[in-house]
Amino acid sequence: MAATGLGARFYRQIKRHPGLIPMIGFIALGMGSAGLYLLRLALRSPDVCWDRKNNPEPWNRLSPNDQYKVCACSRVLPHRLSWPRGP
7 MAATGLGARF YRQIKRHPGL IPMIGFIALG MGSAGLYLLR LALRSPDVCW
57 DRKNNPEPWN RLSPNDQYKV CACSRVLPHR LSWPRGP
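According to this note's numbering, the sequence shown is numbered sequentially starting from 7.
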């Protein structure tokens, strides 16, 4: 009786189609990168609060000097980038 486990089937497919190896590697790299990015967002982002009992409103701790805006939208452009003139 042949082994019909998931690992054995995977090994047979790879052995039969070696062109799948780079695709599987890139998929694994993408999934690993996405997982690490989510972990970074969960641990380093100031918007995430894991301790609700000791700090229920973390936004009240920010001073006026802390940067908390995602986008600072202003109409002031550097001198080399100017608004186009009308006709």
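C-beta atoms are modelled at their ideal positions from N, C-alpha and C, and glycine is treated no differently.
Predicted model only: the values in this text are computed from it and were never measured.
Membership of PRO28 in the alpha helix (DSSP H) is indicated by the continuous run 26-50.
If you look at LYS21, you'll find it in the alpha helix (DSSP H) that goes 12-22. Put simply, the backbone Cα of PHE32 is about 10 Å away from that of LEU26.
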